[in-house]
Every structure is written in C-alpha cells, then in structure tokens.
Amino acid sequence: MNAKIYVRNVKHTMKGLLTWSLKRAIGPYRKQSRWLRQVQWYSAQELQQLQLKYLKDLVKHVYETVPYYRQLMTREGFTPADIHALEDIQRFPILTKQDILSAGASLHSRKYPKLLTKTGYSGGTTGVRVALLRDLWSIGNEHAFVRRQFDWAGLTTQDVCAYLSWRIVCPPGQQQDYPYWYDAAMKELVLSTFHLSNSTIPTYLELLVKYKVMAMVGYPSAIASIARYCLRDSIKIPMKAVLTTSENLDAFQRKQISEAFVCPVYDFYGGSERVCYIHTCSEGSYHILSEYGITELIEIPEQPGIRKIVATGFWNRAMPLIRYDTGDLVIPGPRMCSCGRAYPCVEKIIGRQSQIIKTPSGREFGATVVECIMEFILHDLASFPIFEAQMILYEGFHLVLEYVSERSLNAGEEEKINSLVKFHIPEDFSIELRRVSSIQKTASGKALSLVFNPSTQKTTI
Ligand SMILES: [Zn+2]
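Per my numbering, the very first residue in the sequence shown carries number 10; after that it's consecutive.
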C-alpha cells in the first residue's frame, strides 16, 4: 500500500470514529437496539397499538413546536385531541417535495437548536435536492434500525462490509488510481461505483479478499456486474450476505449475486427523508417496519395493482414529515410471512414513478417496458457478451441502446436484439445499438434503465 492511500485510509478512519461516536456511542443506539430486538416479535395488534401511541405523540409534538403544522391544523380545524385512531392521520393532507421546499424553516421544530441537528439531503433523482434537518437523537435511532436489518442478514458489527453505492470516493469522470477507501472504525470498505468497469473489477476483487469482506451493500446493477465477471471467470468470493437497494433487484441479478458470493441476497428500501423502511427477511418477504413509521399504500387509479408509498416517520423530531409522498411505487403483497414477524408485507418494490411518454401513434412507453427488454438482453441472451446496458431516448423518438461489452456484437446478435426491441416498443421509434465504455449514472451513482434526453452525446467505442 502506498503512502497516499495509507494517509487516506487513516483520514477516513478518523472520520469513522466520529461517525461511530455519533451513531453508536452517544445517543439512543444501544437502548433502541435492545428494544427493536423485542418489538420485531410483536403481534399485528401490538404493532398497531404502538403506532397509535407514537402517532398521538408526534401530532402533539408538531402542534406544539412546528409552525408549519400548527398553522395547517388550525386551518383544517383539528388538534392533537382529535387523533383517536390510525386512520385519523388522513386529516393531514399529503405532503409533497414541493411543499417541503415552500415551507422552508417553518417545518423545523422550535424544540431543537441548530447545534443539536445535522443536515442531510434527499437523493435528487427528480432533479430537486431538498435539505433535511435531523436531530442528533434520530441518527442513533436510525442506526439501530439499520443494524437490526444487518442482524437479520446474520451480520455483526465486527464484519467488514463493502459499499458500492452513492458514496463518492472521488468525483465522477476523474481518473483515480485507488478508487476506494477503508474506514477501520466502522469496518467499511467504500468502493467507487462511478469507476466500476471491467478494467477495475480485478482490483475490486483483490480488495474484497484483502479486507476479508463479509457483505456487500449497494446498487444491484453494480454488484451484479461484479458477480457476472466472477461467474464468467469461475471466481467465487464467499460472504455472509449481500444487501441491495435503490434500484429494482430482479430474479436474475439475485441469482448471479448469490452464486458469485455464495450467500443470500437481501433487498431494502429506505430514503433520506426517513419516513419508511422496508426490507426483506430470511424468507425473502419485504416487510414494512411498523415501528419506523406509518406507511400508507395509496391506490393509483390509472395503474391498477400498483400502490404509491405515502409515509410518516416517527423518529426525526427536528423536521417531522407527515404523510410524505415518496413518489415510489410498490405491488402490495401477501399478508403474512412464515418468518413469524407480523409486519405487513409488499410483493415488490417498483421504485420511482417513472415518466411515461405518448408517441404520435398513441402508444405509451416508459421504464417498465425497457426493464423487460433489458432483463431479456442481459440475462436470457446469456451468450451475448453484454455486461451492462441502458436505453437513451433522444428528441424525435430516437432510441439508442448503449451496451458495455468486451467486443462488438456480430451482425447476427445485432439482428436478434434489434428484432426484440422492435417487437416491444412503439413503431414510432428508430433504434440504434451503440457500444460504449460505460453507461450513464445519476449523480448518486444509480444506473437507470431508461434515460430521457441526456445533455451530452457520448462517442461510440
Ligand atoms: Zn418474514
């Protein structure tokens, strides 16, 4: 290890010590963790009683200390005394991201001086970044939920976890000889998602072995591309678990990841707004954590069978969000899970409500269709040497399928993909296949299957 990377690891370990203090040493982490270990076995009725208690407490808190809610409740003509049942939460209107931006500091509780808060930001995939104030207490509470999720996956605080997610090691596009850092305090190896490519994967694999990584956490697209590389070269790196998030995890990715890392894959959904937490258990069911907040699954008339997540978080009292419209979609699922926990379940997390466009011929086209095509290209046509792919829609209904591969596709392979794409998409589109060195990522490193009108045109390799 050269001096530069050694100094960087020391710097991140020092930062990690601060994080460790904030998340685990001071504050409610230990107490909350003990409590969460018990609550997970509550009956459905006990969980609902708990939610009602927390809801009443939250409404009292916002009425007394948050100007935005005081004004809203006065205008709507109700007080904390009018909250008798969980359904009474519907007296609050749905809160949008735009409402948060307009409300500004009036959404901050007067009870928490600035010194006792920290500011986080929402992901910004919709192009709007929202500042979110968090009280220091909520940080330890949140961490207890995160660690309990890790506990379900069989991980302890002594296990080293590698992250391939939104955490930026160095700015995207900038050349980086060492696209990682290691924080020995939190036992976290942070790998750069932006620098992930077939040429850097061997380095990443060496790091996973060197640091004895027991779990990977991050985007399924990023982790699956490493898994595909491993499977192609018959490499296996056994771990305890892989935890994926923020993108759709499909069955093929799950299988490839599970094979390459010889472990189960757990998937989770959360958000910087901290209003809703959903994650899988050992049985693979997606559980909505009832003690985290109240999650409402709202019907969408134009999309039968799909619901929108509107949620209220219990634990951040510095800037409480009641009935926040996350814009994320789920398919409601079976009511019970065989793991014995009574938390409600969803069948699948679809993610962000996608943009749908109508073509001149009147047909609709959106990310869901693209995901079907991608799944087929990346998995069913396994003989094709494609590692990653993305569709880009340019002005004038010009659709470009960009793919990352070690070689260009031959005429027969191109023809097969062209006919597959043409079969699925409206006839108004013209299609082009383009081999590129990497696909576009969002500012937080996510790989979207469909990108609309990007600002820059990339060159073919
Ligand atoms: Zn379960």
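We put the CB at the ideal spot given by N, CA and C, even for glycine.
Here the structure is a predicted model, which is why all the values come from computation and not from measurement.
Bridge-paired residues (DSSP) for residue 170 = 197 and 224
Cβ neighbour criterion (16 or more within 10 Å) applied to residue 469 | In this prediction, residue 469 has a pLDDT of 48, which is less than 50 and means its spatial position is unreliable; nothing more can be read from the coordinates.
With distances taken Cα to Cα, identify the nearest neighbour of residue 148 among 396, 449, 27 and 165.
-> The residue with the shortest Cα to Cα distance from residue 148 is 27.
Starting from residue 144, follow the beta strand (DSSP E) in both directions and report where the run begins and ends.
-> Where residue 144 is concerned, the enclosing beta strand (DSSP E) stretches over 140-144.
Quick one: what's got a C-beta closer than 7 Å to residue 220's C-beta in the same chain, skipping five residues either side?
-> 169, 191 and 198
Quick one, what's near ligand 1 if you take every residue whose CB is closer than 6 Å to any heavy atom, in chain order?
-> 290, 292, 294, 296, 346, 348 and 350
Please work out which residues of its chain come closer than 6 Å, Cβ to Cβ, to residue 205, disregarding the five sequence neighbours upstream and downstream, and give them in chain order.
-> 231
Extent of the continuous beta strand (DSSP E) to which residue 317 belongs | Where residue 317 is concerned, the enclosing beta strand (DSSP E) stretches over 316-322.
Local conformation of residue 400 per DSSP, three classes = strand
Can you tell me the Cα-Cα spacing of residue 458 and residue 247, whole angstroms?
-> 29 Å
Would you mind sorting residue 456 into buried or exposed? The rule is 16 or more other CB atoms within 10 Å of its CB.
-> Burial check for residue 456: the Cβ neighbour count within 10 Å reaches 16 or more, so the residue is buried.
Straight-line gap, residue 216 to residue 209 (C-alpha atoms, nearest Å) | 11 Å
Relative to the alpha-carbon of residue 334, which residue among 107, 31 and 73 has its alpha-carbon at the smallest distance?
-> 107
Kindly indicate which residue of 187, 398, 31 and 94 has the alpha-carbon position closest to the one of residue 63.
-> 94
For residue 88, is the classification buried or exposed, using 16 other Cβ atoms within 10 angstroms of its Cβ as the cut-off for buried?
-> exposed
Who are the Cβ neighbours of residue 286 in its own chain at under 7 Å, not counting the five residues just before and after it?
-> 154, 279, 298 and 301.
Buried or exposed: which applies to residue 124, given that a residue is buried once 16 or more other Cβ atoms fall within 10 Å of its Cβ?
-> exposed
With a 10 Å radius around its C-beta and 16 neighbouring C-beta atoms as the bar for buried, classify residue 271 as buried or exposed.
-> exposed
Assigned secondary structure, residue 276 (DSSP; H/G/I helix, E/B strand, else coil) = strand
Under 8 Å between C-beta atoms of residue 326 and residue 70 = Going by C-beta atoms, residue 326 is nearer than 8 Å to residue 70.
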